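Protein chains in written order, with the numbering used here: chain A, 26 to 418; chain B, 1127 to 1474. Glycine included, C-beta positions come from ideal geometry on N, C-alpha and C. On a predicted model such as this, the values are computed, not experimentally measured, just so you know. Inspection log for the structure reproduced underneath, given as structure tokens.
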Amino acid sequence: MEPLSWGGIIVRIFLQFTPIWISLIVLFGMSIRFKRRLGLYGKLFDSTVGMIGFALVMFWVFTGIYAAFDLIILNDPLSQVSGMKYKLPGTPLPDGSGYYLLGGDTLARDVFSRMVAGSWIVVKIAPLATVFAFMVGITLGLPAGYYGGKFDTVLSFISNLVLAFPVILLFYLLVTPEIVETGIPAYMAAVLFIFPIIFLTVLLNSRFYTQPAKRNLYVGVTLLVSVTLYLSLISEPGTVISFVPRWIDLFDIPGNLLVVFVSVVFVNSPTVFRIVRGLVLDIRTRDYVAAAQTRGEGAWYIMLWEILPNARGPLIVDFCLRIGYTTILLGTLGFFGLGLESESPDWGTTINAGRKLLSVYPHRALPPALALMTLVLGLNLLADGLREESLRD
Amino acid sequence: MGLFILRRVGMMILTALCLTFVVFFLTNLYPNLEKLAKSQGNQRMSDEAVQSWLGNRGYLQSTPVKYGEWLGVLPGFTHTNDDGKTTGRCIDARKPVDTPPRFCGVVQGDWGYSTVFKEDVSTIIARRLGKTGKLMFWVMVLMVPSALILGVLAGMREGSKLDRTLSTVSITTTATPEYVSGVILISIFASSAFGLKWFKGTATSAMDNATFENFFLPVLTIALYGIGYIARMTRASMAEVMTSQYIRTARLKGVSFPNIVIKHALRNALIAPFTVIMLQFPWLLNGVVIVETLFNYKGFGWTLVQAAGNNDIELLLASSVVAVFVVLVTQLISDVGYVFLNPRIRIA
């Protein structure tokens, strides 16, 4: 077969993404049709910037999800085809079964398929890590801002400590195999992952405190589910924490992934803590908080059901920005070859692999770089749109 | 004001102590020490050999003691061989003196010895910081004026086409981390694929002899990420100033628009960006590490990566002291500077 021209490559890539174009059109059609009933999400479709951002983000979210089901991927992202090393975009496979649309990399793997497969890793880790960071930041930031005092001083000092650390040094210190061997990241995971449980339990308990029957049911179910998940998450056969019997251990997270996850959560949570604390300091002087205090509501009820919902605007905006920042951090980890194994198709690792001989064969590093850039840009634009729309009312 | 600075400096020292202790603790964990012993001695050392290698060099003392020795508040470790020869932390095998000092730590100005570069840490850090200083200087020269101009132009007429365009540009640059923009810039301007071989893809030659050709890309890569953020802050501050009463008064009495922007608005609009620029330094540090690795420019960031990758304990500690120092000093300067620039704020 003849190598494809640039026009041919673009047409084929466009066609390859067909399921995503369809999904995007359906999503946008439905959302715009019903936007008046969808609250803040619906208002997003009033701002052009927000819509562009949302489209970019959803493009990669759909790509990631479909890639997890092997839909968009053309060739196996890990298998090497002899003779395809460093081949330029549009080169046909030797057996004539298809093309490497964006060329081959150092190990003769398909750059296009690796980029698409990498989107699943990012879409999987970044939002989840951000959610965890928010849980940690909120659970600690609410009481710090509400009570103040020693508790606040100590926590603020610790968060400033973490923030004063150069991120890359922290990654190097946490993610190297020698440190992983000592189990420090596993212990950190055990501590950090407890916060969602505390958050959910306190959230429900404070709400249904006056109806013990309901409270017991809700809190019980939540505790059962979250503790099981927690135990299966942190326990890992062969590492320091493996005291949990096998029958509880529902799933195992590959050790590397857990370490990456933990370090990203750890780096992000102090910033969330500071934001939440600042918001609480502002909101706790409002009249409705004073009203709740006069009514005799508990401190945690006030924090979680009076203050937190009123801080949601800035928090949602920051959540979008922070997913973008987490994506950048994941890329940074990959760029320094830390964490995920070297053949992993995630964008940072691919960029790292592609930067050798970059000025001769730039086609290996450019696709993941542009992918990462468009995703983060989308998240930034989305945050901008949300900020504009939430300021409007 | 004096008390405030004093308190902040005290806080700074406390923070630096805590952080270096954390680094010290993590680098002195046994697996790390084992790796160090094997890379310094030989790879096939038995466990006993590793133990004695570490023991002879004082690595097996408890962490607080070692930390005290590094700081210079505890007497340095000494060890006497079977044949009566004494070695120790404070005894320099290359420059023997009759009575070696009892204390040798940071307090005494001895930063230790790099196991990877086989050189004194202080000379390495000083030399590498000089290289990075050169890089940072040009980054500042490029970044600050262009960010301020972008921000002022965008903020002077909020909501106009110019504002929309410039805001999109600044969002795009903040959304592009250094390793992405670096890759894109090298691909476009330094690779044979696009045929524009305007610049060089590495900056190794720029360490001694920086020219526009070999130094512009790394400088641009670091600057781009900061430009967007500073420009957005400047824009917000400018837009706020432009809606204030005294600007309206100036317009009503017929001052021309360029005059309003330059003579009336600019001064007040530039207070907020000053803080942002100072607080941007820690970010730049990150960028420096990435860009120096990408462009193979052997400055401070490159040294940090080498030290961290090879568990070069004393070099890593010195690097983190420098990094933490930069972060905390810039925070202090931004706070103090803000008070000077904005007389409405008073610190008791």
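Within the stretch 348 to 360 of chain A, the residues whose Cβ lies closer than 8 Å to some Cβ of chain B are Gly349, Ile353, Gly356, Thr357 and Phe360, listed in chain order. Within chain A, Ala189 have C-beta atoms less than 7 Å from the C-beta of B:Val1453, given in sequence order.
Secondary structure at A:Pro117: strand, using DSSP grouped into helix, strand and coil. The count of Cβ pairs closer than 8 Å, one atom from the stretch 126 to 133 of chain A and one from the stretch 80 to 98 of chain A, stays below three, leaving the stretches out of contact.
In this structure, B:Ile1348 lies near B:Val1417, with their beta-carbon atoms less than 7 Å apart. Burial state of A:Gln236 is exposed, judged by a 10 Å Cβ sphere holding fewer than 16 other Cβ atoms. One Cα belongs to A:Arg302, the other to A:Ser181, and the distance between them is close to 9 Å. B:Asn1168 counts as exposed, since fewer than 16 other beta carbons sit within 10 angstroms of its beta carbon. At least 7 Å separates the beta-carbon of A:Thr375 from that of A:Ala151. Each of A:Arg58, A:Ser48, A:Ala93 and A:Gly67 was checked against the Cα of A:Leu407, and the nearest Cα belongs to A:Gly67.
In the DSSP assignment, B:Ser1240 forms a beta bridge with B:Glu1245. Put simply, the backbone Cα of A:Phe360 is about 30 Å away from that of A:Ile163. Residues of the stretch 381 to 412 of chain A with a Cβ closer than 9 Å to any Cβ of chain B, in chain order: Leu383, Ser384, Val385, Tyr386, Pro387, His388, Ala390, Leu391, Pro393, Ala394, Leu395, Leu397, Met398, Thr399, Leu400, Val401, Leu402, Gly403, Leu404, Asn405, Leu406 and Asp409. At a cut-off of 7 Å between beta-carbon atoms, B:Ala1362 makes no contact with chain A.
Under the Cβ criterion of 7 Å, B:Leu1155 is counted among the residues facing chain A. For B:Asp1461, the secondary structure class from DSSP, reduced to helix, strand or coil, is helix. Under the three-pair Cβ rule at 8 Å, the stretch 292 to 301 of chain A counts as touching the stretch 334 to 346 of chain A. For B:Asp1173, the secondary structure class from DSSP, reduced to helix, strand or coil, is helix. Taking 7 Å as the cut-off, the beta carbon of B:Glu1440 is found closer than this to the beta carbon of B:Val1247. In chain B, no part has a C-beta under 9 Å from the C-beta of A:Leu365; the shortest such distance is about 15 Å. Judged by DSSP secondary structure, B:Thr1141 falls within the alpha helix (DSSP H) whose first and last residues are Gly1128 to Thr1153. Rounded to the nearest whole angstrom, the CA to CA distance from B:Met1138 to B:Val1402 is 20 Å.
For B:Pro1157 and B:Ala1301, the gap between their C-alpha atoms comes out near 38 Å. Counting along the chain, A:Gly359 sits inside the alpha helix (DSSP H) bounded by residues Arg337 to Phe360. Contact holds between the stretch 1391 to 1399 of chain B and the stretch 1354 to 1365 of chain B, because three or more Cβ pairs, one in each stretch, are under 8 Å apart. For the pair A:Ala390 and B:Val1309, the CB atoms are nearer than the 7 Å cut-off. Setting aside the 5 residues that flank it on each side, B:Ala1433 is surrounded in the same chain by Leu1441, Leu1442 and Ser1445, each with a C-beta closer than 6 Å to its C-beta; the list follows chain order.
The C-beta of B:Ser1446 comes closer than 7 Å to at least one C-beta of chain A. Distance from the Cα of B:Asn1394 is smallest, within the candidate group B:Gly1281, B:Arg1253 and B:Lys1287, for B:Gly1281. Closest in alpha carbon position to A:Leu355, among A:Pro119, A:Asn241 and A:Ile146, is A:Ile146.
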